[in-house]
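Notes follow once the structure below has been shown.
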Amino acid sequence: MKVSIRDLSKITGFSPATISNALNHKKGVNRETAEEIFRVARETGYLNANAVTKIRLLIFKKNGQIIEDTPFFQSLIEGFEEECHRLGYEMVISRADQREADYENQVKELLHEQGSAVVVLATEMMDGDLEPFRNAPCPLILLDHWSESMEFNAVLINNADAARMMTEHLLNYGHKEIGYLKGSFRIKGFRSRYVGFLTALRKKKIPYREEYTVTLGTSLNDAYQDMLKYLEKNPVLPTAYFADNDMIALGAMKALQEKGYRIPEDVSIVGFDDLPFSEISSPGLTTLRVPNREMGKMAVRRAAELIEGIAADAVTKTQVCPKIVYRDTVKRILE
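Numbers 1 to 335, taken from full-length UniProt numbering, label the letters of the sequence shown in order.
Below, the structure written as structure tokens:
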């Protein structure tokens, strides 16, 4: 005998409207109620065992230098969780470390697990790392990455335009000798930021001096230590630095200040991300604010669309646009 929504209502004690809203991931049904309804729906055979009821956040690690316990990723994950809860999906977090011997088997098992859509937090990925995810049997979204060579739905930062915009801010303040604080681990996002940086210089016909590039570790302490070593050589410094992210900028700032450089009087510096540390640093770091919480939510919404068959045949690339947060690390140079 076929089970109906009215039957589910009798078993669970919830109204038919609540049952329907829960099964269709509509607002107004709390998490505990939705989970109970889905459990009974599965047990009674009303809901096909293959139906997608959870969205998995798969955190990819290549070396773990970028994906670490920082406020940026914490906020992104919080947004992800909030949207899963709002839409009535169970949230699951998994990690896949490429350095582990059974990495490919781990990925295969996760992608073939019934009842799940997968959002890959792919910050540390390069295109060559995407092969195990090609033709995934489940709804799949890339978060913080995009592939030119393979078709994946993606939500990411508009890195190039944001970096161009910040570099133009430095140029508008009269800086013509601008250096680049380059993260030693070259994720795709960093490479895109470098492209945007160079684009801004070319538009103003300002040649870039490679000797102004300083390669630093991507943690705050590594950036600090590497910048100290660089400054011990007594190099000629530019008037300003663009850093790949805030952690690098803040580490470099600490080293510069220890060596007696005043910021921004002697050297200006800007970052990317707007971490909480950037507001309380001395001086406060001028940086680019990324709507990371909203990125997490957007990835969940796109996963839900794929689950429900909305624009499922279209491959979408959604970019979020950072905005400049003006603080106190950029000096205006008089002509």
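All C-beta atoms in this analysis are idealised placements derived from N, C-alpha and C, irrespective of residue type, glycine included.
Selection from Ala122, Asp7, Ser15 and Glu109 that minimises the alpha carbon distance to Gly189: Counting from 1 along the sequence shown, the entry for residue 189 is found at position 189. Here the closest residue by C-alpha is Ala122.
- prompt: Measuring CA to CA, which of Ala299, Lys254, Ser20 and Gly196 is closest to Asn221?
  reply: Working through the sequence shown from its first residue, we reach residue 221 at position 221. Checking every option, the nearest Cα to that of Asn221 belongs to Lys254.
message: Within a Cβ cutoff of 7 angstroms, which residues of the same chain sit near Ile5, ignoring the five residues on either side of it in sequence?
response: In the sequence shown, residue 5 corresponds to position 5, counting from 1. So the list reads Pro16, Ile19 and Ser20, once near-sequence residues are dropped.
query: Around the Cβ of Asp313, are there at least 16 other Cβ atoms within 10 angstroms (buried) or fewer (exposed)?
result: For this step, residue 313 is matched to residue 313 along the sequence shown. Answer is exposed; the Cβ neighbour count stays below 16.
- prompt: Is DSSP giving Asn153 helix, strand or coil here?
  reply: Residue mapping note: residue 153 aligns to position 153 of the sequence shown, counting from 1. Of the three classes helix, strand and coil, the one that applies to Asn153 here is strand, per DSSP.
Presumed contact (8 angstroms Cβ cut-off) between Pro276 and Pro71, rounded CB distance: In the sequence shown, counting from the first residue as 1, residue 276 sits at position 276. In the sequence shown, counting from the first residue as 1, residue 71 sits at position 71. Confirmed, about 5 angstroms.
query: How long is the line joining the alpha carbons of Arg164 and Ala240, rounded to whole angstroms?
result: Taking the first residue of the sequence shown as 1, we reach residue 164 at position 164. Taking the first residue of the sequence shown as 1, we reach residue 240 at position 240. Distance between the alpha carbons of Arg164 and Ala240 is about 15 angstroms.
message: If contacts are defined as beta-carbon pairs under 8 angstroms, then Arg193 and Asp244 qualify, I think. What distance do you get, rounded to the angstrom?
response: For the purposes of this step, residue 193 is identified with residue 193 of the sequence shown, where counting begins at 1. For the purposes of this step, residue 244 is identified with residue 244 of the sequence shown, where counting begins at 1. Rounded, the Cβ-Cβ distance is 6 angstroms, consistent with contact.
- prompt: What are the uninterrupted segments assigned as beta strand (DSSP E) that are 3 or more residues long and contained completely in the segment 63-101, given in chain order?
  reply: 90-97
- request: Please check if any C-beta of chain D sits within less than 7 angstroms of the C-beta of Glu32.
  value: The structure shown contains no chain D, having only a single protein chain.
query: Can you tell which of Leu87, Gly309, Val325 and Thr329 has its C-alpha closest to the C-alpha of Pro283?
result: In the sequence shown, the residue the question calls residue 283 occupies position 283. Residue Thr329 is the option with its Cα nearest to Pro283.
task: Can you grab the Cα-Cα spacing for the pair Ala303 / Asp129, in whole Å?
output: The residue given as residue 303 occupies position 303 in the sequence shown. The residue given as residue 129 occupies position 129 in the sequence shown. Counting only the Cα atoms, Asp129 lies some 21 angstroms from Ala303.
- request: Could you check how far apart the C-beta atoms of Arg301 and Glu83 are, in whole angstroms? I think they sit under 8 angstroms.
  value: Mapped onto the sequence shown, residue 301 falls at position 301. Mapped onto the sequence shown, residue 83 falls at position 83. Indeed they touch by this definition, with Cβ atoms about 6 angstroms apart.
Per DSSP, the bridge partner or partners of Phe242: One-based indexing of the sequence shown puts residue 242 at position 242. Tyr180 and Val270.
- prompt: Are there 16 or more other CB atoms within 10 angstroms of the CB of Arg56, so buried, or fewer, so exposed?
  reply: On the sequence shown, residue 56 is found 56 positions in, with the first residue counted as 1. Arg56 should be labelled buried.
field: the segment 177-186 / the segment 133-151 touching (three or more Cβ pairs under 8 angstroms)
entry: no
First and last residue of the uninterrupted beta strand (DSSP E) at Ala311: Here the question's residue 311 lines up with position 311 in the sequence shown. Taken as a continuous stretch (DSSP letters only), Ala311 belongs to no beta strand (DSSP E), as it is neither H nor E.
message: I'd like to confirm the pairing. Which residues does DSSP put opposite Arg327 in its beta bridges?
response: Mapped onto the sequence shown, residue 327 falls at position 327. The partner list for Arg327 (beta bridge, DSSP) is empty, contrary to what the question assumes.
- request: Sort Thr286, Asp273 and Ile157 by Cα distance to residue 351 and report the nearest one.
  value: In the structure as shown, the chain begins at 1 and stops at 335. Residue 351 is therefore absent and cannot be evaluated.
query: What is the DSSP secondary structure of Leu47, reduced to helix, strand or coil?
result: Within the sequence shown, the letter at position 47 stands for residue 47. Per DSSP, reduced to three states, the secondary structure at Leu47 is coil, with no helix or strand assignment.
- request: Sort out for me which residues DSSP pairs Leu58 with in a bridge.
  value: Along the sequence shown, read from residue 1 onward, the residue named residue 58 stands at position 58. Partner(s): Ser94 and Val120.
- request: Can you tell me which of Tyr46, Arg39, Asp7 and Lys54 puts its alpha carbon nearest to the alpha carbon of Leu306?
  value: Position 306 of the sequence shown, counted from the first residue, corresponds to residue 306. If we check each option's Cα against that of Leu306, Lys54 comes out closest.
- prompt: With distances taken between CB atoms, is the gap from Ile67 to Glu124 smaller than 7 angstroms?
  reply: Here residue 67 is taken as the residue at index 67 of the sequence shown, counted from 1. Here residue 124 is taken as the residue at index 124 of the sequence shown, counted from 1. Taking 7 angstroms as the Cβ cut-off, Ile67 and Glu124 qualify as a contacting pair.
query: Apart from the five residues just before and just after Leu87, which ones in its own chain have a Cβ nearer than 8 angstroms to its Cβ?
result: Position 87 of the sequence shown, counting from 1, holds the residue named residue 87. Only His25, Val300, Arg301 and Ala304 meet the Cβ criterion.
- request: Compute the Euclidean distance between the alpha carbons of Arg202 and Tyr230, then round it to the nearest angstrom.
  value: For the purposes of this step, residue 202 is identified with residue 202 of the sequence shown, where counting begins at 1. For the purposes of this step, residue 230 is identified with residue 230 of the sequence shown, where counting begins at 1. One C-alpha to the other measures close to 27 angstroms.
field: Under the three-state DSSP convention, the category Arg289 falls into
entry: Here the question's residue 289 lines up with position 289 in the sequence shown. Arg289 falls in the strand class under three-state DSSP.
- prompt: Whose C-alpha, out of Tyr173, Ile157, Gln98 and Gly13, is nearest the C-alpha of Tyr326?
  reply: The residue given as residue 326 occupies position 326 in the sequence shown. The shortest C-alpha separation from Tyr326 is found at Tyr173.
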